[in-house]
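Take a look at the structure set out below.
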Amino acid sequence: MAGMHNAKLPPRRAVPLPLLAKMANNKHACSVFTGIIEEVGHIARIEPLKGGRRLIVRAKFARALRPDQSVAVNGVCLTVVAADAQTFTVEVVEETLRKTTLGHLTEGQPVNLERALLANGRLDGHLVQGHVDTTGEIIGVEAEATGRLYHIRFPRSFRPYLIPTGSIAIDGISLTVARLAEETLTVAIIPHTFQKTNVSTWQPGTPVNLEFDMIGKYVIGWLTHGRDPKAVGLRSSSPLESA
Numbered sequence: 001m002a003g004m005h006n007a008k009l010p011p012r013r014a015v016p017l018p019l020l021a022k023m024a025n026n027k028h029a030c031s032v033f034t035g036i037i038e039e040v041g042h043i044a045r046i047e048p049l050k051g052g053r054r055l056i057v058r059a060k061f062a063r064a065l066r067p068d069q070s071v072a073v074n075g076v077c078l079t080v081v082a083a084d085a086q087t088f089t090v091e092v093v094e095e096t097l098r099k100t101t102l103g104h105l106t107e108g109q110p111v112n113l114e115r116a117l118l119a120n121g122r123l124d125g126h127l128v129q130g131h132v133d134t135t136g137e138i139i140g141v142e143a144e145a146t147g148r149l150y151h152i153r154f155p156r157s158f159r160p161y162l163i164p165t166g167s168i169a170i171d172g173i174s175l176t177v178a179r180l181a182e183e184t185l186t187v188a189i190i191p192h193t194f195q196k197t198n199v200s201t202w203q204p205g206t207p208v209n210l211e212f213d214m215i216g217k218y219v220i221g222w223l224t225h226g227r228d229p230k231a232v233g234l235r236s237s238s239p240l241e242s243a
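Position 12, counted from 1, in the sequence shown is what the UniProt record's numbering calls 12; the numbers after and before it change by one each time, with no gaps.
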């Protein structure tokens, strides 16, 4: 360890992070989930809203919620606007209704629920933002001795974001890709997950929300646009390129 006190450290580089500015202006941008469903709630009521819909959800943890907190409903990050002892209320804009399966919800329907991860919480699934990338469709179900296999069709354009044994959130559930083809994927559901989520309602033809692994999306984004500073909103060249 001799001489360490006199060793010169390399100069510290300033890494531009324009996303931080955007996140500072969006108080819900930092909400993170794990894909471990806390409970299955039920849609108590659906009310029309100018530019969207209001969902009143019956849930056991409703009494612990406060306005402005985030809850993932079938994998979609939504903001609580009201809560009481039995229900909480969220508002869904038209774009979200159109891009996710929330537009297909009916009163009485079970939904997967997860509150945002606490800073000191355990990450037992994988990092999930609640920003649904696209929807898929259940096209087949196979029974196995240890559970069930669900085959899901997804838009071919999203194939680059998937890898075998990689993570994916389906209706907010953190799952592992067991098999992968050009426009289909397969996940294995164990009995515990089947009982603790709304998977029991999945049948051929059921639409599901898909969110691909966040880290994989950033890697693909960097490989695709990262060498063009303007494409990712950087004012100067990447520190990796100037190293």
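Just so it is clear, CB atoms sit at the ideal spot from N, CA and C, and this is done for glycine as well.
- Item | 8 Å Cβ cutoff met for arginine 54 and glutamate 91 | yes
- Item | Burial state of alanine 64 (16 or more Cβ within 10 Å) | exposed
- Item | Where the beta strand (DSSP E) containing threonine 186 begins and where it ends | 184-189
- First and last residue of the beta strand (DSSP E) that includes glutamate 38? Counting along the chain, glutamate 38 falls outside any beta strand (DSSP E), and DSSP gives it neither H nor E.
- Count the other CB atoms, across all protein chains shown, that sit within 10 Å of the CB of lysine 27; report buried if there are 16 or more and exposed otherwise. Residue confidence for lysine 27 is low, a pLDDT of 45 falling below 50, so the modelled location carries little weight; the figure read from the coordinates is stated next. Under this definition lysine 27 is an exposed residue.
- Can you tell me whether DSSP reads residue 256 as helix, strand or coil? Here the chain comprises residues numbered 1 to 243, so residue 256 is not present and cannot be evaluated.
- Message: For the structure I just gave you, are there three or more beta carbon pairs, one from the region 140-160 and one from the region 93-108, closer than 8 Å?
- Response: no
- In the UniProt repeat "Lumazine-binding" (127-223), which residue ranges form an unbroken alpha helix (DSSP H) of at least 4 residues, counting only runs that do not cross its ends? 191-196
- How about leucine 127 and isoleucine 37: are their beta carbons less than 8 Å apart? no
- CB-CB under 7 Å to leucine 223, same chain, minus the five flanking residues each way: which ones, in chain order? none
- Task: Using beta-carbon positions only, say whether isoleucine 163 and leucine 210 come within less than 8 Å of one another.
- Result: no
- Query: Excluding the five sequence neighbours on either side, which residues of its own chain have a C-beta within less than 7 Å of the C-beta of histidine 131, listed in chain order?
  - Reply: Cys77, Glu211
- Message: Going residue by residue through the region 90-127, where are the continuous alpha helix (DSSP H) segments of at least 4 residues, counting only ones entirely within it?
- Response: 94-99
- DSSP state of arginine 63, grouped into three classes? helix
- Three-pair Cβ contact test at 8 Å for the region 102-121 versus the region 31-49: yes
- Message: Please list the terminal residues of the continuous beta strand (DSSP E) segment that includes alanine 85.
- Response: Element bounds for alanine 85: n/a, residue is neither H nor E.
- Message: I need the straight-line Cα distance from residue 253 to threonine 79, nearest angstrom please.
- Response: Nothing can be reported for residue 253, as the shown portion of the chain is limited to 1 through 243.
- Query: Nearest to serine 200 by alpha carbon, out of His104, Gly147, Gly51, Leu123?
  - Reply: Gly147
- Task: Leaving aside the five residues before and after valine 177 along the sequence, list all residues of the same chain whose C-beta is less than 8 Å from its C-beta, in chain order.
- Result: Leu162, Ile163, Pro164, Thr165, Gly166, Ser167, Ile168, Leu185, Thr186, Val187
- Going by other Cβ atoms of all chains shown within 10 Å of its Cβ, with 16 needed for buried, is histidine 225 buried or exposed? exposed
- Please confirm whether leucine 117 and valine 32 have their CB atoms less than 8 Å apart. yes
- Query: What do you reckon, are the CB atoms on threonine 87 and arginine 58 nearer than 8 Å?
  - Reply: yes
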